DNA sequence: TACAATTAATTTGTATACAAATTAATTTAA
DNA sequence: TTAAATTAATTTGTATACAAATTAATTGTA
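Residue numbers (the numbering used here), protein chains in the order written: chain R, 3 to 148; chain W, 3 to 148.
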């Protein structure tokens, strides 16, 4: 009896997809207190490390299409967390910069990683192994295409 | 110097989110040949195992909200892969059933898991470890809520 | 047995996601 | 030096996702 390769149970991608969704669902109420969605939170984390950037750079780091970022960044701008201005050097580029309000938001987010950590509840070794596997897959998947 | 818990690099959820997205992106062109999206593919895999179901059952298995499934199932119906009919026993339930055309689609999908496996490119041990970790997280995250 | 509570699916509203087409600015090359 | 090619961001179109509200059917109970 040959193994059914299309059985859901035999898929490795399916649980990754589920995990991603469930984790984001878990974040949602915590992020709601900061008036952020998960993707907006990722973008804010990016700006807590890097004061100034542009759409292309953000997209390269977060693996988000510019067409996803454009409305998202407008949203963050409307909340006062970032500014959006065309570069004077090259007007094709949009300079995106975090505001003071955006920087202050970080303090409110400080408790979230620990809460999520408790929720995920992996040992140090498990988390490290998972981390490595995820980046290995990312590397491999990206190997051949753009 | 204390570790910055909000650094993107220190997040375990972020690479899971990236992996999920990148894997789905990788599936897309292969599934396009079957006229399926990734979520539609998941639902079809479900029906390749279970001929008949309903919205609630599908949602419980695939962790998809009924409001996501309603339009998706209508789409699969319009492609002729499933049928949708109110149960005569309890008209609240929608009986969803795979068609012959839907069953035949499986043959065309048979090569996809191997292609994706090559793309992910993990050893047997790595894949097993990852699989276990994903289901552990799913279990843990679901522990407290509904 | 009516009426309240529950249940299943749908609708509505908001926010991703990404491919493809478009726009506008800059660079390359004939 | 100007037309073609490239580049960055936006717009458009389609498809998830899920919470909250709604609708319709069934069940529980006073």
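All residues carry an ideal CB built from backbone N, CA and C; glycine is no exception. This structure is a prediction, so every number in the text was calculated from the model and none was measured.
Inter-segment contact for the region 137 to 146 of chain R and the region 115 to 133 of chain W is present: three or more beta-carbon pairs are separated by less than 8 Å. A direct Cα-to-Cα measurement between residue 55 of chain R and residue 33 of chain R gives close to 23 Å. At a C-beta separation below 8 Å, residue 115 of chain R has these neighbours in chain W: 7, 8, 12 and 13. Neighbourhood of residue 44 of chain R in chain W, by CB distance below 8 Å: 10, 16 and 19, in chain order.
Residue-level contact by beta carbon holds for residue 133 of chain R and chain W, with a gap shorter than 8 Å. Residue-level contact check: residue 32 of chain W does not touch chain R, since none of the beta carbons of chain R fall below 8 Å from its beta carbon. Any Cβ of chain W closer than 8 Å to the Cβ of residue 143 of chain R would place that residue at the interface, and such an atom is present. The shortest C-alpha to C-alpha distance from residue 18 of chain W to any of R:22, R:17 and R:15 is the one to R:22. Setting aside the 5 residues that flank it on each side, residue 101 of chain W is surrounded in the same chain by 82, 83, 84 and 85, each with a C-beta closer than 8 Å to its C-beta; the list follows chain order. Taken in chain order, the complete alpha helix (DSSP H) segments of 4 residues or longer contained in the region 121 to 147 of chain W are 126 to 144.
Residue state for residue 54 of chain R is assigned as strand, using DSSP reduced to three classes. Under the Cβ distance rule, residue 137 of chain W counts among the residues neighbouring chain R, one pair being separated by less than 8 Å. At a cut-off of 4 residues, the continuous stretches assigned as alpha helix (DSSP H) that sit fully inside the region 88 to 120 of chain R are 102 to 111. Contact of residue 47 of chain W with chain R is assigned, a C-beta pair being separated by under 8 Å. Residue 41 of chain W and residue 117 of chain W have their C-alpha atoms spaced approximately 18 Å apart. Checking the DSSP bridge columns, you'll see residue 14 of chain R has no partner listed. The DSSP-derived three-state label of residue 39 of chain W is coil.
At a Cβ-Cβ threshold of 8 Å, residue 24 of chain R and residue 59 of chain W do not count as neighbours.
When 9 Å is used as the limit between beta carbons, residue 87 of chain W is near no residue of chain R, the shortest such separation being about 24 Å. With contacts defined as CB atoms closer than 8 Å, residue 111 of chain R and residue 10 of chain R fail to qualify as a contacting pair. Cβ neighbours of residue 68 of chain R within its own chain (closer than 8 Å, five residues either side excluded): 57, 58 and 61.
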